[in-house]
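Position 108 (the sequence shown) corresponds to 108 in my numbering; numbering is contiguous.
Here's the structure we're looking at; comments come further down.
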Amino acid sequence: MKKFKGFILIEILISGIILALSVASAMYLFKIGYENTGKADDIYIIHSKIPVALNTIKSNLPDKKYGREFLGDGVELNWKSDLVSRTALKSQNATFYVYLFKVNFNLLFKEQQKDYEVFVLSNEKAR
């Protein structure tokens, strides 16, 4: 019976080490999950501001060629447009100009930045 007294102590120590490693691994996985959830929330906020950004850009074209706006919730919009083409449409009563712009814009939120490129149609009545 004396042979087994120390063996139980070794089993308890090994079990304690395995338990500690399991708890440490679980805590690490929770930490990684929490960080990724935060990044996903940031990206969701950026993507939710895309329609607002496009409306802001459209409302400024063709008068402004670039701009910087704050869209709320800490999201910043920076944009620059280049005129691709301009066409005049004439009717009996008036002439309208239709513009095609290539717009590069980015949305910034915390450390996240997303870059986009779109083509935007804009028009105005001839003066």
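C-beta: ideal position from N, C-alpha, C; glycine also.
Quick caveat, the model's predicted, so the values are computed rather than measured.
- Under a 10 Å Cβ-count criterion, isoleucine 10 is classified as exposed, with fewer than 16 other Cβ atoms of the shown protein chains found around its own Cβ.
- Excluding sequence positions up to five before and after glycine 67, its CB lies within less than 7 Å of the CB of Asn60 and Trp79, all in the same chain and listed in chain order.
- Here leucine 19 is exposed: its Cβ has fewer than 16 other Cβ atoms, across all protein chains shown, within 10 Å.
- Setting aside the 5 residues that flank it on each side, glutamine 113 is surrounded in the same chain by Asn106 and Leu107, each with a C-beta closer than 8 Å to its C-beta; the list follows chain order.
- Using a Cβ distance threshold of 7 Å, valine 103 and serine 85 do not count as a contacting pair.
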